[in-house]
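Q: Those protein sequence lines, which keep their order, are chains X and L. Residue 1 is where the first sequence starts when you use full-length UniProt numbering, and the numbers rise one by one after that. Residue 1 is where the second sequence starts when you use full-length UniProt numbering, and the numbers rise one by one after that. In this text, a Cβ means the ideal position worked out from N, Cα and C, and glycines have one as well. Note that the structure is a prediction, hence the values are computed from the model and not measured. Structure provided below as structure tokens; questions to follow.
There are 2 protein chains.
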Amino acid sequence: MDATANGEKGLHARVLESLGPAITAGDHPPGTVLRTDELAERFDVSRTVIREAVRVLESMHLVASRRRVGVTVRPTEEWNVYDPRVIGWRLAGRDRPRQLRSLTVLRSAVEPVAAGLAARHATPAQCAALTEHAMGMVATSRGQQLDAYLVHDTAFHAVVLSASGNEMFARLAEVVAAVLTGRTQHHVMFTDPDPAAVTLHVQVAEAIRTGDAARAEALTRQITAGAMAELDVLAP
Amino acid sequence: MDATANGEKGLHARVLESLGPAITAGDHPPGTVLRTDELAERFDVSRTVIREAVRVLESMHLVASRRRVGVTVRPTEEWNVYDPRVIGWRLAGRDRPRQLRSLTVLRSAVEPVAAGLAARHATPAQCAALTEHAMGMVATSRGQQLDAYLVHDTAFHAVVLSASGNEMFARLAEVVAAVLTGRTQHHVMFTDPDPAAVTLHVQVAEAIRTGDAARAEALTRQITAGAMAELDVLAP
DNA sequence: CCTCGAAACTTCGTATACAGAACGTCTCGT
DNA sequence: ACGAGACGTTCTGTATACGAAGTTTCGAGG
Numbered sequence: 001m002d003a004t005a006n007g008e009k010g011l012h013a014r015v016l017e018s019l020g021p022a023i024t025a026g027d028h029p030p031g032t033v034l035r036t037d038e039l040a041e042r043f044d045v046s047r048t049v050i051r052e053a054v055r056v057l058e059s060m061h062l063v064a065s066r067r068r069v070g071v072t073v074r075p076t077e078e079w080n081v082y083d084p085r086v087i088g089w090r091l092a093g094r095d096r097p098r099q100l101r102s103l104t105v106l107r108s109a110v111e112p113v114a115a116g117l118a119a120r121h122a123t124p125a126q127c128a129a130l131t132e133h134a135m136g137m138v139a140t141s142r143g144q145q146l147d148a149y150l151v152h153d154t155a156f157h158a159v160v161l162s163a164s165g166n167e168m169f170a171r172l173a174e175v176v177a178a179v180l181t182g183r184t185q186h187h188v189m190f191t192d193p194d195p196a197a198v199t200l201h202v203q204v205a206e207a208i209r210t211g212d213a214a215r216a217e218a219l220t221r222q223i224t225a226g227a228m229a230e231l232d233v234l235a236p
Numbered sequence: 001m002d003a004t005a006n007g008e009k010g011l012h013a014r015v016l017e018s019l020g021p022a023i024t025a026g027d028h029p030p031g032t033v034l035r036t037d038e039l040a041e042r043f044d045v046s047r048t049v050i051r052e053a054v055r056v057l058e059s060m061h062l063v064a065s066r067r068r069v070g071v072t073v074r075p076t077e078e079w080n081v082y083d084p085r086v087i088g089w090r091l092a093g094r095d096r097p098r099q100l101r102s103l104t105v106l107r108s109a110v111e112p113v114a115a116g117l118a119a120r121h122a123t124p125a126q127c128a129a130l131t132e133h134a135m136g137m138v139a140t141s142r143g144q145q146l147d148a149y150l151v152h153d154t155a156f157h158a159v160v161l162s163a164s165g166n167e168m169f170a171r172l173a174e175v176v177a178a179v180l181t182g183r184t185q186h187h188v189m190f191t192d193p194d195p196a197a198v199t200l201h202v203q204v205a206e207a208i209r210t211g212d213a214a215r216a217e218a219l220t221r222q223i224t225a226g227a228m229a230e231l232d233v234l235a236p
């Protein structure tokens, strides 16, 4: 929603969108020191703007600002890897494979449990949305309609995560969306989705609708297992 | 001007530590409009400092800053609930029960998978640490040594998450620590830990050491199931 | 009377200048 | 050689001015 509408979003945001990816991509390896004056000159903005950008970077634990020494890039292990912006930057950068793998593993842990909870908590409206998107996936699963398929796939998983009733799960929707989008971008228009996966989605929708938590969880586990298997092809 | 050594940290951090909890606790309900001038006066700092704090709040998606209208508090569903600081604030505030429940559910999804991965990836050093902490838990499980027990318990789970080899899992260590600490604080020195749970930890350490992923996962699932069961007692 | 549009006002956004504090480094004295 | 203190660099905070943008209001025209 808010992300990357780079028209004129504020100077500090532009600095952030340039500095952040540079750091996460490793252009400034951990330990590198950046000085605010230098940055101000490099981006041709005032120090005030730089300081605001640095504050945000600091809140992501990407950098630490200390007097006399400068703004130092923190080691990778300390980064706030759950920050959607950090995820986006890493996904766009050079360790995209690693990030994709991490996120897929996270998916494989969270989504089955979320599906199980959804089977117990989903509202009728959510169940309806689920079956609708599952049908949509079926309808678009053949004949080079990957974009339309992706929309339904993303929406399906978002509804499941939301229906789980757990806010932490719900907030992973955009992460899952990023993973699914990434996969589609690599399939680039050549192979239709796996029919077995489509069937699984339909069955998950049904299991959630009928309140069969164990079945919803097991089926979703099969879906994520498939995603894990695909990973070896996608990520080197 | 007051020139007293008011705080060790920066001014903006102090504003943040006051504004953040206020927002997450609901003192400023979603939709509330805050003006930078007003905040500057309220905290007796310059607008620059306020704006830096607001930037960080904005990066957490707690607020949105718009011209002419002010800084508006965003709806709860949009908050970055994975930001450690947001978690901490909510854990300290009035919807602590909800947060505790969310985190425990997240634990129950992630930790079993992490344990399974740890069984395949753990280094000998990590295995040693695991058995050490498991033994420590055994040693401190009786006789009102809850503090020492908590240290070993926390360390145990941190090692498991780290040994999974997944950076996203590893970063959940502090979250798990927060949950475990919260639990201990409520048990307040009256009941010793459940012996069955202690045994499970020892068995998990063994399963990971012997590379039995399925067993490590199943056992950890029992541990988290226990935590979920406890939850009904702890969180209203 | 209603609608459309422009001006004005309010608030955030950016730039600049300066004072203060902290931390590394360099030098000097023992 | 080694430690303590002075120094300089760089971040931190403050104050102020101007610009931009949106909301609101007021007025003109239909």
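Whose CA, out of X/His-61, X/Val-45, X/Val-54 and X/Asp-44, lies closest to the CA of X/Leu-19?
A: Along the first sequence, one-based indexing puts residue 19 of chain X at 19. The shortest Cα separation from X/Leu-19 among X/His-61, X/Val-45, X/Val-54 and X/Asp-44 belongs to X/Val-54.
Q: Rank X/Thr-220, X/Glu-167 and X/Arg-107 by C-alpha distance to the C-alpha of L/Phe-169 and give the top, closest one.
A: Start at 1 with the first residue of the second sequence, and residue 169 of chain L comes out as number 169. Of the listed residues, the one whose Cα sits closest to L/Phe-169 is X/Arg-107.
Q: Given that a residue counts as buried once 16 or more other Cβ atoms are within 10 Å of its Cβ, and exposed if not, what is X/Arg-42?
A: For the purposes of this step, residue 42 of chain X is taken as residue 42 along the first sequence, with counting starting at 1. It counts as exposed.
Q: Which chain L residues sit within Cβ distance under 7 Å of X/Glu-174?
A: Taking the first residue of the first sequence as position 1, residue 174 of chain X is located at position 174. Neighbours of X/Glu-174 on chain L: none; closest Cβ ~11 Å, over 7 Å.
Q: Let me check understanding here. Comparing Cα to Cα, which of X/Ala-25, X/Asp-232 and X/Leu-172 lies closest to X/Val-159?
A: As a first step, residue 159 of chain X must be located in the first sequence, where it is residue number 159. Among X/Ala-25, X/Asp-232 and X/Leu-172, the Cα nearest to that of X/Val-159 belongs to X/Leu-172.
Q: Identify, in the order they occur along the chain, each residue of the same chain with its Cβ nearer than 6 Å to the Cβ of X/Thr-32, setting aside the five sequence neighbours on each side.
A: Start at 1 with the first residue of the first sequence, and residue 32 of chain X comes out as number 32. Only Val-73 meet the Cβ criterion.
Q: Would DSSP call X/Leu-11 helix, strand or coil?
A: For the purposes of this step, residue 11 of chain X is identified with residue 11 of the first sequence, where counting begins at 1. X/Leu-11 falls in the helix class under three-state DSSP.
Q: Would you mind working out which of L/Pro-112, L/Asn-80, L/Val-49 and L/Pro-29 sits nearest L/Ala-214, comparing C-alpha positions?
A: Against the second sequence, residue 214 of chain L aligns to sequence position 214. Of the listed residues, the one whose Cα sits closest to L/Ala-214 is L/Pro-112.
Q: Which residues in chain X have a C-beta closer than 8 Å to the C-beta of L/Leu-106? List them in chain order.
A: For the purposes of this step, residue 106 of chain L is identified with residue 106 of the second sequence, where counting begins at 1. Simply Val-110, Asn-166, Met-168 and Phe-169.
Q: For L/Arg-74, return the contacting residues in chain X, with the cut-off set at a CB-CB distance below 7 Å.
A: Numbered from 1 along the second sequence, position 74 holds the residue referred to as residue 74 of chain L. Within chain X, no residue comes near L/Arg-74; the closest Cβ sits about 10 Å away, beyond 7 Å.
Q: Please list, in chain order, the chain L residues whose beta carbon lies closer than 8 Å to that of X/Thr-48.
A: If you number the first sequence from 1, residue 48 of chain X lands on position 48. Correct list: Thr-48.
Q: X/Ala-155: which of X/Glu-167, X/Ser-164, X/Ser-141 and X/Gly-136 sits nearest, CA to CA?
A: For the purposes of this step, residue 155 of chain X is taken as the residue at position 155 of the first sequence. Among X/Glu-167, X/Ser-164, X/Ser-141 and X/Gly-136, the Cα nearest to that of X/Ala-155 is on X/Gly-136.
Q: For X/Gly-116, collect the residues of the same chain with a Cβ closer than 6 Å to its Cβ; drop the 5 residues on either side in sequence, then sort them by chain order.
A: Working through the first sequence from its first residue, we reach residue 116 of chain X at position 116. The answer, listed in chain order, is Ala-213, Ala-216 and Glu-217.
Q: For a test of the three-state rule: what should DSSP assign to L/Ser-162, helix, strand or coil?
A: The residue given as residue 162 of chain L occupies position 162 in the second sequence. Correct three-state label for L/Ser-162: helix.
Q: In the UniProt domain "HTH gntR-type" (9 to 76) of chain X, which residue ranges form an unbroken alpha helix (DSSP H) of at least 4 residues, counting only runs that do not cross its ends?
A: 11 to 24, 36 to 43 and 47 to 59
Q: Can you look up X/Val-151 in the DSSP assignment and give me helix, strand or coil?
A: Within the first sequence, numbered from 1, the residue matching residue 151 of chain X stands at position 151. X/Val-151 sits in a helix when the DSSP states are folded into three classes.
Q: Quick check: what's the CA-CA separation for X/Thr-184 versus L/Arg-209?
A: The residue given as residue 184 of chain X occupies position 184 in the first sequence. The residue given as residue 209 of chain L occupies position 209 in the second sequence. Near 38 Å, if we compare the C-alpha coordinates of L/Arg-209 and X/Thr-184.
Q: Nearest chain L C-beta to X/Arg-55 closer than 8 Å, yes or no?
A: Against the first sequence, residue 55 of chain X aligns to sequence position 55. Taking CB atoms only, X/Arg-55 has a neighbour in chain L less than 8 Å away.
Q: Looking at the C-beta of L/Asp-83, does it have a partner C-beta in chain X at a distance below 8 Å?
A: Taking the second sequence and counting its residues from 1, one reaches residue 83 of chain L at position 83. Yes - at least one Cβ of chain X is within 8 Å of the one on L/Asp-83.
Q: Can you find a CB in chain L that lies within less than 8 Å of the CB of X/Ser-59?
A: As a first step, residue 59 of chain X must be located in the first sequence, where it is residue number 59. Interface residue, yes.
Q: Can you check whether the CB of X/Asp-153 is closer than 8 Å to the CB of X/Arg-130?
A: Position 130 of the first sequence, counting from 1, holds the residue named residue 130 of chain X. Position 153 of the first sequence, counting from 1, holds the residue named residue 153 of chain X. As written in the sequence, residue 130 of chain X is Leu, which differs from the Arg given in the question. Contact flag unset, no.
Q: Strictly under 8 Å for the Cβ-Cβ distance: is X/Arg-68 near chain L by that measure?
A: Within the first sequence, numbered from 1, the residue matching residue 68 of chain X stands at position 68. Chain L contact via Cβ: absent.
Q: Short check: CB of X/Thr-36 to CB of X/Val-63, under 8 Å?
A: Translated into the one-based positions of the first sequence, residue 36 of chain X becomes position 36. Translated into the one-based positions of the first sequence, residue 63 of chain X becomes position 63. The answer is no: Cβ separation not under 8 Å.
Q: Are L/Val-175 and L/Leu-103 closer than 8 Å when you measure CB to CB?
A: Reading the second sequence from its first residue, position 175 is the one you call residue 175 of chain L. Reading the second sequence from its first residue, position 103 is the one you call residue 103 of chain L. Yes; because the gap between Cβ atoms is below 8 Å, this pair is in contact.
Q: Taking Cβ-Cβ distances shorter than 7 Å, what residues in chain L pair up with X/Ser-18?
A: Numbered from 1 along the first sequence, position 18 holds the residue referred to as residue 18 of chain X. Neighbours of X/Ser-18 on chain L: none; closest Cβ ~16 Å, over 7 Å.
Q: Name the residues in the segment 188 to 209 of chain L whose C-beta lies less than 9 Å from a C-beta of chain X; which are they?
A: none
Q: When you compare only the Cα positions, how much space is there between X/Ala-22 and L/Ala-178?
A: As a first step, residue 22 of chain X must be located in the first sequence, where it is residue number 22. As a first step, residue 178 of chain L must be located in the second sequence, where it is residue number 178. If I take the Cα positions, the gap works out to 32 Å.
Q: I'd like to know if L/Ser-141 contacts chain X, where contact means its C-beta is closer than 8 Å to some C-beta of that chain.
A: As a working note, residue 141 of chain L is residue 141 in the second sequence. Taking Cβ atoms only, chain X never reaches closer than 8 Å to L/Ser-141, which makes this a no.
Q: Just tell me which of X/Val-49, X/Pro-30 and X/Pro-29 has its CA closest to the CA of X/Glu-17.
A: Indexing the first sequence from 1 puts residue 17 of chain X at position 17. Cα-wise, what sits closest to X/Glu-17 is X/Val-49.
Q: Enumerate in chain order the residues of its own chain whose CB-to-CB distance from L/Ala-148 is below 7 Å, with the five nearest sequence positions on each side excluded.
A: Counting from one through the second sequence, the residue named residue 148 of chain L turns up at place 148. The residues Thr-140, in chain order, have a CB closer than 7 Å to that of L/Ala-148 in the same chain once the five nearest residues on each side in sequence are set aside.
Q: Does chain X have any CB closer than 8 Å to the CB of L/Glu-38?
A: By one-based count along the second sequence, residue 38 of chain L stands at place 38. No, no contact with chain X.
Q: So residue 317 of chain X and X/Leu-200 are supposed to be a Cβ contact under 8 Å. How far apart are they, rounded?
A: Only positions 1 to 236 of chain X appear in this structure, which leaves residue 317 of chain X out of reach.
Q: Measure from the alpha carbon of L/Ala-205 to the alpha carbon of each residue in L/His-186, L/Leu-161 and L/Val-233, then state which is nearest.
A: Sequence index remark: in the second sequence, residue 205 of chain L carries index 205 (1-based). Here the closest residue by C-alpha is L/Leu-161.
Q: Is the Cβ-Cβ distance between L/Ala-163 and L/Gln-222 less than 8 Å?
A: As a first step, residue 163 of chain L is located in the second sequence; it is residue number 163 there, counting from the start. As a first step, residue 222 of chain L is located in the second sequence; it is residue number 222 there, counting from the start. Going by C-beta atoms, L/Ala-163 is not nearer than 8 Å to L/Gln-222.
Q: At 7 Å on the CB atoms, spell out the chain X contacts of L/Glu-52, in chain order.
A: Residue numbering aside, residue 52 of chain L sits at position 52 when the second sequence is read from its first letter. Ordered by position in chain X, the residues that pass the 7 Å Cβ test against L/Glu-52 are Arg-51, Glu-52 and Arg-55.
Q: Along the alpha helix (DSSP H) that carries X/Leu-117, what are the first and last residues, could you check?
A: Position 117 of the first sequence, counting from 1, holds the residue named residue 117 of chain X. Taken as a continuous stretch (DSSP letters only), the alpha helix (DSSP H) holding X/Leu-117 covers 96 to 121.
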